[in-house]
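So the structure is just underneath, and the comments pick up after that.
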Amino acid sequence: MKVFRSICLIIAALCLAAPAFAQTGPLVDAPAGRLRGEALAEGINVFRGVPYARAPVGNLRWRAPAQARRWRGERNATQFGAACMQPSSRGGSIYSNTHAAMSEDCLFLNIWAPADAQNAPVFVWIHGGSLTTGAGSEAMYDGARMAQQGIIVVTINYRLGILGYMAHPELSFENGGVSGNYGLLDQIAALRWINRNIAAFGGDAANVTIAGESAGALSVMYLMAAPEARGLFAKAIAQSAYMISAPELRGSRYGDIPAEGIGLWLTGQVGASDIASMRAMEATALVEAAGRSGYFPFITVDGRVVPRQLVEVFDRGEQAPVPILAGFNEGEIRSLRFLAPPPPADAATYEHEIRNRYGDLADEFLRLYPSSDIAESVLMTPRDALYGWTAERLVAKQTAQGHPSFLYLFNHGYPAADALGLRAFHAAEIPYVFGTMERTPPRWPRPEATPDEAALSEAMMRYWVSFARDGAPRAEGAPEWRPYGAERHYMSFDDAPTAGVHVMPGMYEFNEAVVCRRRAQGGIAWNWNVGVLSPPLPPQVAQCS
1 MKVFRSICLI IAALCLAAPA FAQTGPLVDA PAGRLRGEAL AEGINVFRGV PYARAPVGNL
61 RWRAPAQARR WRGERNATQF GAACMQPSSR GGSIYSNTHA AMSEDCLFLN IWAPADAQNA
121 PVFVWIHGGS LTTGAGSEAM YDGARMAQQG IIVVTINYRL GILGYMAHPE LSFENGGVSG
181 NYGLLDQIAA LRWINRNIAA FGGDAANVTI AGESAGALSV MYLMAAPEAR GLFAKAIAQS
241 AYMISAPELR GSRYGDIPAE GIGLWLTGQV GASDIASMRA MEATALVEAA GRSGYFPFIT
301 VDGRVVPRQL VEVFDRGEQA PVPILAGFNE GEIRSLRFLA PPPPADAATY EHEIRNRYGD
361 LADEFLRLYP SSDIAESVLM TPRDALYGWT AERLVAKQTA QGHPSFLYLF NHGYPAADAL
421 GLRAFHAAEI PYVFGTMERT PPRWPRPEAT PDEAALSEAM MRYWVSFARD GAPRAEGAPE
481 WRPYGAERHY MSFDDAPTAG VHVMPGMYEF NEAVVCRRRA QGGIAWNWNV GVLSPPLPPQ
541 VAQCS
C-alpha cells in the first residue's frame with residue numbers, strides 16, 4: 001500500500017509539474033490566437049505547425065482556402081504540422097524524404113524569429129518538389145541560422161498534386177467559372193496570414209520577401225503574376241525557376257491539353273464518376289491513384305487567379321513591381337536526367353537532327369551545344385531552356401521596369417557530389433543559403449564540414465539575408481554583387497563568390513528566339529521539348545527578329 005501511495009504521489013507531482021513546464025516557451029498573442037513556441041540557442045524562438053487557413057477537408061476539398069478562426073486558449077506550437085498529401089517516397093532519389101505525418105489538414109506554417117525582433121524583415125520560403133512533394137518542415141529548410149542574421153524566416157505548406165492543382169468543369173461551375181490553382185491560393189492565404197499576424201512576432205509586414213527553389217520558384221513567379229497576391233510582398237527570390245508554358249483552363253493555345261480536360265480524364269483514372277465521388281474518396285487512395293495514372297500537376301491559366309501565360313505577363317509589365325534575385329545551377333540536369341533529350345548515336349546524327357529541327361538557328365544551337373561533346377550538350381540544352389533563360393529573363397524584365405535585380409550562377413562542386421557526377425546539381429545551393437549542410441535528405445551528397453564550405457555558405461546566406469533586408473545583396477568580405485543592369489552583371493558561386501559580366505554569352509538570346517517563334521506560331525509548348533526532342537521551329541518572323 002505504501003508503494004502504491006508513493007507511486008500515486010509521484011504521478012500527481014508530475015501531472016502538476018507538466019503545465020508549469022509547458023509554459024516555459026515564448027508566448028505570442030497574435031490576431032490569430034495565442035501561441036506557445038520553443039526558445040532555441042542564440043536567441044531564436046521557433047513556432048511550428050501554425051495553421052494559416054481552415055483544413056481543406058470534406059466539402060472544402062478543391063475549394064479556395066478559408067480563413068482560420070481565432071483559436072481559443074493557448075496553442076502549443078512546438079511540433080511541426082502534417083505535410084500535405086503526396087505520393088510515397090521516391091526510393092533512391094537524392095531528393096527523397098520522409099515525413100512524420102501526412103494529412104489533408106496540412107495548411108501550416110513555421111516561424112523562426114529573433115527573440116528581440118522589432119520590425120524585422122520577413123523571408124517566406126516556398127518549398128520545391130514539382131508541385132507534387134515536399135513540406136516546409138523539412139530539416140534542410142530550418143530557418144534558425146538565417147534568423148540569427150536578424151530576419152524572420154517563415155516556411156509554408158501548400159496543397160500538392162491532384163488535391164492542389166486539378167481543374168475540372170464541375171469545380172469551375174462551383175466557383176464562378178474557374179478551378180485549379182488551389183496550391184497557389186494556399187500560398188496567397190499564407191501571405192495574407194503573415195500580413196495580419198507577423199507584427200506580433202516582431203516582423204515588418206511591409207518588408208516581406210517571397211523565395212523558393214524549383215517548383216517553389218515557379219510559385220514565386222506566379223505570385224508575381226497573380227493580382228490577388230499584389231501588395232503582400234516587397235521582394236522576390238527565384239532559385240532555378242522555369243517559365244514554361246502552362247495549360248489554359250479550356251483552350252489549347254500552345255499545344256497543351258486544356259486543364260479541365262485533364263481533370264475529366266483524371267476522374268476516370270482514379271475510378272470516380274464525378275466530383276462528389278472524388279470528394280468521398282480517401283485522400284491517400286486518391287493521391288496514389290493519381291500518381292499511378294501519370295498525372296503531373298501544373299498551374300492553370302484561368303484568366304482570374306493567373307490571368308495570362310507567364311511570358312505574356314512579364315512582357316506586358318503586369319507582374320509585381322519588385323526587385324528580384326534569381327539564378328540557376330551549372331549542373332541542374334545532372335540530377336534530373338529524365339529531362340535531358342536522348343543522346344544521338346554519333347556527331348553526324350546529332351547535327352542532322354538539330355539542323356532539321358532548328359533551321360536557321362541551328363548554327364547558333366551547335367555553337368552553344370556542340371556535337372564534339374554530345375553527353376554534355378544534352379545536359380546543357382534543357383538546363384538553359386528551362387532554368388538559365390528563365391533566370392536571366394526575370395532579372396532583365398525587372399531591370400527594364402526600374403527595379404534593381406540580381407543574377408547568379410551556382411557552379412560549386414565538392415567531393416561527395418562530384419563523385420556521383422552531380423557537380424552543382426539542381427537544388428544543391430539550398431543548404432548553403434540556409435546554413436543547413438548537415439541537415440540534408442538521407443541520400444543527398446553532403447558537403448564536407450570544412451572551413452571553405454562554411455565560408456561559402458556564410459557568404460551566400462549573408463547575400464540572401466541582405467537582399468531580404470533592403471533589396472541589395474551584400475556580404476562582408478565578399479565581392480560586390482552589382483545589379484544586372486545594362487552591363488549584365490552576375491555573381492558566380494564557385495569555390496568562393498566571384499563577380500562576372502554576361503553569363504554564358506548567347507544562351508539567353510538563343511532561347512528567347514526559340515520561345516518567341518513558338519509563341520508566334522502557336523500550338524507548340526516550351527518546356528523540356530528541346531534539342532533532338534524539339535518540334536521543327538517555324539521560320540523567323542518580324543516580332544522575333
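Okay, so the sequence shown: first residue is 1 according to our numbering, each after it adds one. Every residue, glycine too, gets a C-beta built ideally from N, C-alpha and C.
Straight-line Cα distance separating residue j from residue i
i	j	result
V154	I210	10 Å
A176	L336	The sequence shown places Gly at residue 176, rather than the Ala named in the question. Rounded to whole angstroms, G176 to L336 spans 39 Å at the Cα level.
G212	W125	5 Å
V57	R230	27 Å
A22	P447	Only weak support is given to the placement of A22: the predicted model assigns it a pLDDT of 46, under 50, and the value that follows is read from those uncertain coordinates. Distance between the alpha carbons of A22 and P447: 37 Å.
M437	A276	45 Å
G33	T498	46 Å
T450	N97	25 Å
D495	Q398	29 Å
E260	A167	5 Å
P538	R518	7 Å
V378	G303	35 Å
Q187	Y158	6 Å
G150	P341	44 Å
R253	G522	6 Å
L264	Q67	29 Å
F296	Y414	33 Å
W528	L386	7 Å
A147	I44	7 Å
Chain-order list of residues whose beta-carbon lies under 8 Å from that of residue i (same chain, five-residue window excluded)
i	result
S466	A472, P473, R474 and A475
D142	W112, F434, T436 and R439
H403	P321, V322, P323 and I324
Residue i, DSSP secondary structure in three states
i	result
L407	strand
W528	coil
I299	coil
P121	strand
I162	helix
Y490	strand
E392	helix
W112	strand
F467	helix
V306	coil
Q269	helix
L27	strand
L232	coil
A238	strand
G263	helix
A542	helix
Sequence-distant residues of the same chain with beta carbon closer than 6 Å to residue i, five excluded per side
i	result
A30	N197 and A200
M278	A272
T267	none
S371	A347, Y350 and E351
G129	A215
A101	A82
Residue environment, residue i, which counts as buried when at least 16 other CB atoms sit within 10 Å
i	result
V515	buried
R69	exposed
T390	buried
A190	buried
S172	buried
R72	exposed
L35	buried
I257	exposed
N59	exposed
L394	buried
A238	buried
L131	buried
V313	buried
V287	buried
S88	exposed
V541	exposed
Nonlocal neighbours in the same chain, by C-beta distance under 7 Å from residue i, ignoring five residues either side
i	result
A454	none
W444	I94
is_contact[residue i, chain B] using C-beta, thresh 7 Å
i	result
C84	The question asks about chain B, but that chain is absent: this structure has only one protein chain.
Okay, do the stretch 234-253 and the stretch 165-180 touch, 3+ Cβ pairs below 8 Å being the bar? yes
Touching or not, the stretch 317-334 and the stretch 400-408, by the rule of three or more beta carbon pairs under 8 Å? Enough Cβ pairs lie closer than 8 Å, so yes.
State whether the stretch 331-351 contacts the stretch 380-388, with contact taken as three or more CB pairs (one from each stretch) at a distance under 8 Å. yes
Does the stretch 100-113 come close enough to the stretch 47-61 that 3 or more CB-CB pairs lie under 8 Å? The way I'd put it, the stretch 47-61 does touch the stretch 100-113; three or more beta-carbon pairs between them come closer than 8 Å.
Taking 8 Å as the cut-off, does the stretch 77-87 touch the stretch 132-141 (at least 3 CB pairs, one atom from each stretch)? yes
Does the pairing of the stretch 352-372 with the stretch 421-430 give three or more beta-carbon distances under 8 Å? no
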